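Read top to bottom, the protein sequences are chains F and Y. For the first sequence, UniProt numbering assigns the number 1 to the initial residue and increments by one for each residue that follows. For the second sequence, UniProt numbering assigns the number 1 to the initial residue and increments by one for each residue that follows. All C-beta atoms in this analysis are idealised placements derived from N, C-alpha and C, irrespective of residue type, glycine included. Being a predicted model, the structure only gives us computed values, none of them experimental. The block underneath contains the structure these notes are about, expressed in structure tokens.
2 protein chains.
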Amino acid sequence: MPLDPPRLAVPGVLLTDLYQLTMLQGYVERDMLDTAVFEFFARQLPACRNFYLAAGLEQALDYLEQLHFAPAELDWLSGLGLFSPVFLDYLAGLRFSGEVQAMAEGTPFFADEPILRITAPLPEAQLVESRLINLLHFQTLIASKAARVVLAAPDKRLVDFGLRRAHGAEAGLLAARAGYLAGFHASATVLAGAQFGIPLAGTMAHSFVQAHLDEAEAFEHFAHSLPQSVVLLIDTYDTEAAAQKVVELAPRLAAAGIRIQGVRLDSGDLGAHARRVRGILDRGGLNGVTVFASGNLDEYLIHRLMVEGAPIDGFGVGTHLDTSSDVPALDCAYKLQEYAGQPRRKRSEGKATWPGRKQVWRRYDDAGHCCGDSLMLEGEAGEGLALIQPVMRQGRRLAPSPSLQAVREYTRRQLDSLPPALRDLEPAPGYPVTVSETLRELAERADRLVGRG
Amino acid sequence: MPLDPPRLAVPGVLLTDLYQLTMLQGYVERDMLDTAVFEFFARQLPACRNFYLAAGLEQALDYLEQLHFAPAELDWLSGLGLFSPVFLDYLAGLRFSGEVQAMAEGTPFFADEPILRITAPLPEAQLVESRLINLLHFQTLIASKAARVVLAAPDKRLVDFGLRRAHGAEAGLLAARAGYLAGFHASATVLAGAQFGIPLAGTMAHSFVQAHLDEAEAFEHFAHSLPQSVVLLIDTYDTEAAAQKVVELAPRLAAAGIRIQGVRLDSGDLGAHARRVRGILDRGGLNGVTVFASGNLDEYLIHRLMVEGAPIDGFGVGTHLDTSSDVPALDCAYKLQEYAGQPRRKRSEGKATWPGRKQVWRRYDDAGHCCGDSLMLEGEAGEGLALIQPVMRQGRRLAPSPSLQAVREYTRRQLDSLPPALRDLEPAPGYPVTVSETLRELAERADRLVGRG
Chain F
1 MPLDPPRLAV PGVLLTDLYQ LTMLQGYVER DMLDTAVFEF FARQLPACRN
51 FYLAAGLEQA LDYLEQLHFA PAELDWLSGL GLFSPVFLDY LAGLRFSGEV
101 QAMAEGTPFF ADEPILRITA PLPEAQLVES RLINLLHFQT LIASKAARVV
151 LAAPDKRLVD FGLRRAHGAE AGLLAARAGY LAGFHASATV LAGAQFGIPL
201 AGTMAHSFVQ AHLDEAEAFE HFAHSLPQSV VLLIDTYDTE AAAQKVVELA
251 PRLAAAGIRI QGVRLDSGDL GAHARRVRGI LDRGGLNGVT VFASGNLDEY
301 LIHRLMVEGA PIDGFGVGTH LDTSSDVPAL DCAYKLQEYA GQPRRKRSEG
351 KATWPGRKQV WRRYDDAGHC CGDSLMLEGE AGEGLALIQP VMRQGRRLAP
401 SPSLQAVREY TRRQLDSLPP ALRDLEPAPG YPVTVSETLR ELAERADRLV
451 GRG
Chain Y
1 MPLDPPRLAV PGVLLTDLYQ LTMLQGYVER DMLDTAVFEF FARQLPACRN
51 FYLAAGLEQA LDYLEQLHFA PAELDWLSGL GLFSPVFLDY LAGLRFSGEV
101 QAMAEGTPFF ADEPILRITA PLPEAQLVES RLINLLHFQT LIASKAARVV
151 LAAPDKRLVD FGLRRAHGAE AGLLAARAGY LAGFHASATV LAGAQFGIPL
201 AGTMAHSFVQ AHLDEAEAFE HFAHSLPQSV VLLIDTYDTE AAAQKVVELA
251 PRLAAAGIRI QGVRLDSGDL GAHARRVRGI LDRGGLNGVT VFASGNLDEY
301 LIHRLMVEGA PIDGFGVGTH LDTSSDVPAL DCAYKLQEYA GQPRRKRSEG
351 KATWPGRKQV WRRYDDAGHC CGDSLMLEGE AGEGLALIQP VMRQGRRLAP
401 SPSLQAVREY TRRQLDSLPP ALRDLEPAPG YPVTVSETLR ELAERADRLV
451 GRG
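Right under this line is the structure:
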């Protein structure tokens with residue numbers, strides 16, 4: 001692999017909400033440059049998620065390290081007529097100089113638990129809100145969905161097929177990353193291989209079969225063209241007839257030294273087709289040829305196929321993974337928790353937050369399963385593991401990021417540590433998260449500070 | 001505005017599925033370079049969509065015009081060990097040299113109606129599948145959702161607030177475009193202003209209020225900092241108390257020549273708060289101050305607020321717009337319809353397609369409402385307007401693209417031309433789309449060609 005593989009370009013600092021810039025101008029004008037603490041967290045879990053899986057920190061840190069306004073961006077902003085020359089000068093010199101503390105990617109978390117804290121001068125901490133949420137929300141969303149698929153089919157080969165219906169370029173790319181992190185084995189998205197070293201997989205499309213007048217000829221042609229990876233799509237016209245053609249083709253290919261690795265089903269009753277196709281392949285002596293299924297799959301359909309005992313060796317999951325279709329957005333937020341040494345919190349109806357710098361402590365039972373979390377103030381002595389750890393200081397990473405492979409392995413152990421009920425697709429009883437007395441007292445103090453104690 | 005405003009970088013050609021490249025190698029090896037015809041269309045409408053709204057053509061044409069493999073991309077592909085030097089040489093010279101025919105952006109369409117046709121040498125037409133779907137699917141998805149919001153609140157100011165929970169960078173940017181095209185008035189996403197000239201809007205965040213110890217001081221400070229656009233967020237602590245503070249602040253600001261334009265509500269029962277806040281403002285002589293609402297809004301909630309007569313002048317719509325949350329993906333496809341002059345179609349269960357090059361004819365009644373479409377073969381004489389028109393030849397646009405303003409205006413007229421039942425949020429009776437006899441005969445011929453007539 002070359003040293004500098006192709007990457008998706010990082011979008012500039014203008015990928016933000018207008019109000020970040022107008023608020024920043026207000027802060028800068030009044031010299032409100034004291035240290036602010038913001039935390040990113042998600043609110044209540046939807047019924048079809050027993051846990052969230054933290055993801056996206058790596059891209060968030062990249063963003064913070066690269067944050068700056070290019071001359072063309074300042075020039076364009078100047079043309080809006082909203083910003084003063086003094087403020088634009090301030091932006092020209094702005095870099096992210098703060099601290100980040102975070103939960104490791106691949107850690108399960110629950111409602112109200114922060115997974116990232118920014119401690120920085122107020123304008124810096126404010127400016128980064130929109131893109132930090134955009135990055136952390138999406139990968140957490142997809143990793144949380146992918147983990148469910150992985151838990152539903154722990155012994156199956158799982159491949160991300162979702163690029164085409166992912167929401168744009170970056171969604172396709174980062175969904176491949178989030179899926180792989182959560183335990184998927186490969187992605188069809190080539191750029192995900194180039195940028196993240198994710199193993200690539202792919203079979204063939206119906207158009208390849210259709211472009212040939214004869215289906216068997218299409219299979220033979222494909223096998224000769226890509227002898228390393230012969231997986232044949234057999235549902236273009238008649239699945240079982242095509243499986244028979246595969247059986248007839250196999251000896252001719254074997255004579256040429258080519259082994260058929262698998263067949264793919266993509267429509268109809270996948271369980272029924274898989275059983276018939278498995279029978280045809282086995283009777284034809286092709287016991288080693290695997291059956292791979294795709295086509296509108298999600299964790300529920302995969303679970304049903306597994307329960308039925310469908311002879312399927314792997315699944316391609318596309319749309320439902322890359323859009324997290326049953327929960328296409330999480331109720332998450334990035335909120336000011338402290339400014340100039342004083343706790344802050346919002347009290348809007350149904351959206352009140354816990355103020356201050358928080359730590360999440362996680363306890364484990366004798367079986368190694370986590371059994372309860374405590375949300376405490378930083379510095380309070382909790383029990384178990386402290387999940388929020390420093391990762392960036394003065395705008396620079398404290399250590400090189402772990403490899404995606406290492407994150408994936410860590411995630412596997414984290415999923416293993418979940419209590420069995422949480423690993424199930426069915427809604428589990430709520431995981432216990434307690435809030436420390438000190439934190440409750442701080443919330444009252446924060447309210448008194450704004451005259452509502 | 002400078003001549004060259006900041007833009008999101010276009011992702012490279014590796015944003016594709018691996019199988020496109022492996023199939024291409026097969027085509028090139030066997031000299032299967034004849035003309036192929038692919039069409040992009042969506043299958044059945046979900047119950048909560050009465051029509052789709054075509055969008056994304058502009059980005060699709062950009063992609064086709066810029067398509068090429070850079071040396072670093074070829075180098076990386078070579079390292080995979082899957083591709084022959086001959087094939088990599090072919091890729092080095094590959095450009096899109098074909099034709100595109102398409103429905104104009106902003107045109108409503110229905111199940112099985114193509115909105116884009118590619119006519120090109122098979123490898124070119126095949127390669128572009130993944131990214132073309134990725135681009136057309138997403139903007140069509142969001143424009144179709146946005147149109148519902150626009151139809152639910154035709155006289156209200158509508159602003160896209162969705163960047164943070166959009167699925168990544170490109171989703172945030174292109175959702176702003178699709179929303180604006182469908183009739184939204186502005187977006188909070190700064191890059192959408194820079195790249196597409198979309199009007200920007202924004203108010204303030206809770207953190208701005210929280211960073212001040214006194215809410216009224218925060219309001220006054222914000223107004224002085226951005227006197228052009230004073231919209232105050234009043235739900236951080238107590239909505240009605242904050243509205244009273246706005247009344248008290250107004251004369252002081254007026255003395256400084258600053259007019260408060262509006263207040264924003266973001267939580268609780270928006271209708272009830274709006275009525276109380278409107279009363280407080282009016283009693284305080286602030287009849288001209290508008291009330292803007294946001295917070296988990298979609299077309300149904302907005303419709304309910306409108307029916308209740310809530311005194312709200314505009315809505316910020318975020319997550320539900322940018323993720324099309326009730327339908328986060330469309331069942332759409334890009335399928336081979338003809339190769340080397342012969343019709344092709346897929347017959348997979350539940351996914352059979354109509355072969356050949358198709359035209360969509362739309363008829364209108366005396367009231368100017370469209371009243372029925374005919375799906376016909378190109379060249380058949382239909383009734384009404386032919387919606388599929390040439391836009392690219394030999395890989396180059398036939399004419400400069402219309403401005404986004406012009407597309408938005410066209411879209412407004414198109415939405416006006418929909419029958420009233422289709423403009424409603426409730427499911428409408430199916431819009432009549434007939435399939436011509438000639439097309440049905442071609443489908444039979446395509447089946448006979450592969451021995452299944």
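* Asked: Residues of chain Y with a CB under 8 Å from the CB of Q261 (chain F): which are they?
  -> Within 8 Å Cβ-Cβ: nothing; Q261 (chain F) doesn't reach chain Y, min ~13 Å.
* Members of the stretch 281-296 of chain Y near chain F, C-beta cut-off 7 Å -> Within the stretch 281-296 of chain Y, no residue has a Cβ that lies closer than 7 Å to any Cβ of chain F.
* **Straight-line Cα distance separating L286 (chain F) from H167 (chain Y)** => 42 Å
* Asked: Is it right to say P343 (chain Y) is buried, meaning 16 or more other beta carbons lie within 10 angstroms of its own, or is it exposed?
  -> buried
* Asked: For A10 (chain F), which residues from the same chain have a beta carbon less than 8 Å from its beta carbon, with the 5 sequence-adjacent residues on both sides left out?
  -> First, the amino acid is wrong: residue 10 (chain F) is Val here, not Ala. Counting only Cβ-Cβ distances below 8 Å, and skipping sequence neighbours, we find D62, Y63, Q66.
* **Where the stretch 137-165 of chain F meets chain Y: residues whose CB sits under 7 Å from a CB there** => H137, F138, L163, R164, R165
* Asked: By Cβ distance below 7 Å, which residues in the same chain neighbour T290 (chain Y) in space, the five residues on each side in sequence not counted?
  -> Q261, G262, D313, G314
* Could you name the residues of the same chain whose beta carbon sits closer than 7 Å to that of Y339 (chain F), not counting the 5 residues immediately before and after it, in chain order? => D34, A36, L122
* Asked: Could you give the distance in angstroms between the alpha-carbon of V391 (chain Y) and the alpha-carbon of A102 (chain Y)?
  -> Looking at the two C-alpha atoms, the distance is approximately 7 Å.
* To do: On a CA-only basis, which of Y:D112, Y:L425, Y:R345 is nearest I302 (chain Y)? Give me that one, please.
  => Y:L425
* **Span of the beta strand (DSSP E), counted from its first residue to its last, around S374 (chain Y)** => 370-377
* Kindly indicate which residue of Y:P400, Y:A42, Y:R49 has the alpha-carbon position closest to the one of L116 (chain Y). => Y:A42
* **chain F contact for A169 (chain Y) (CB, 9 Å cutoff)** => yes
* Asked: Mind checking if T119 (chain F) is an interface residue toward chain Y, Cβ cutoff 9 Å exclusive?
  -> At a cut-off of 9 Å, the C-beta of T119 (chain F) has no neighbouring C-beta in chain Y.
* **Where the stretch 69-89 of chain Y meets chain F: residues whose CB sits under 7 Å from a CB there** => Correct list: A72, E73, D75, W76, G79, L82.
* Asked: Is it buried or exposed for V307 (chain F), if we count other Cβ within 10 angstroms and need 16 for buried?
  -> V307 (chain F) is classed as exposed because its beta carbon has fewer than 16 other beta carbons within 10 Å across all chains shown.
* Reference V230 (chain F), options F:E240, F:Y237, F:A218, closest by Cα -> F:A218
* To do: Note down, in chain order, every chain F residue with its Cβ under 9 Å from the Cβ of F222 (chain Y).
  => Neighbourhood of F222 (chain Y) in chain F, by CB distance below 9 Å: T22, M23, G26, in chain order.
* the stretch 42-66 of chain Y: positions lying closer than 9 Å to chain F by Cβ -> none
* Asked: Any C-beta of chain Y sitting closer than 9 Å to the C-beta of Q244 (chain F)?
  -> no
* Same chain only: Cβ atoms within 8 Å of F222 (chain F), ignoring 5 sequence neighbours per side -> M204, F208, V230, L232
* Asked: So, using beta-carbon positions, are A147 (chain F) and F51 (chain F) closer together than 9 Å?
  -> yes
* Asked: D298 (chain Y): which of Y:L270, Y:G430, Y:I234 sits nearest, CA to CA?
  -> Y:L270
* Determine the DSSP secondary structure at K156 (chain F), reduced to helix, strand or coil. => coil
* Are the C-beta of S130 (chain F) and some C-beta of chain Y separated by less than 9 Å? -> yes
* **Cutoff 7 Å; reference E73 (chain F); Cβ partners in own chain excluding five residues on either side** => Taken in chain order, the residues that qualify are G12, V13, L14.
* Asked: Exposed or buried, which one is V190 (chain F) when buried takes at least 16 other CB atoms within 10 Å?
  -> buried
* According to the neighbour-count rule (16 or more other Cβ atoms, all chains shown, within 10 Å of its Cβ), is V86 (chain F) buried or exposed? -> exposed
* **Exposure label - residue 454 (chain F); buried when at least 16 CB within 10 Å** => Since the displayed chain F opens at 1 and closes at 453, residue 454 (chain F) lies outside it and no answer follows.
* Which residues in the same chain have their Cβ closer than 6 Å to the Cβ of Y410 (chain Y), if we skip the five residues on either side of it in sequence? -> Within the same chain, Y410 (chain Y) has close Cβ partners G106.
* Asked: Hey, quick one: how far does the alpha helix (DSSP H) through K245 (chain F) stretch, first residue to last?
  -> First-last of the alpha helix (DSSP H) with K245 (chain F): 239-255.
* To do: Could you name the residues of chain F that Y339 (chain Y) contacts, counting a contact when the two beta carbons are closer than 8 Å?
  => Near Y339 (chain Y) (Cβ distances below 8 Å), the residues of chain F are Q210, A211.
* Asked: Got a sec, what are the start and stop residues for the alpha helix (DSSP H) F315 (chain F) sits in?
  -> Segment 314-317 is the beta strand (DSSP E) holding F315 (chain F); no alpha helix (DSSP H) there.
* **Beta-carbon separation (whole angstroms), L18 (chain F) vs A201 (chain Y), contact threshold 8 Å** => The beta-carbon separation of L18 (chain F) and A201 (chain Y), rounded to 7 Å, stays under the 8 Å limit for a contact.
* Asked: If you measure beta-carbon to beta-carbon, which residues of the stretch 194-205 of chain F are closer than 9 Å to chain Y?
  -> A194, Q195, L200, A201, G202, T203, M204, A205
* Short CB-CB distance (under 9 Å) between G453 (chain Y) and chain F -> Low confidence applies to G453 (chain Y): its pLDDT is 34, below 50, so where it sits in the model is not reliable, and the reading given next is rough at best. So no, G453 (chain Y) is outside the interface.
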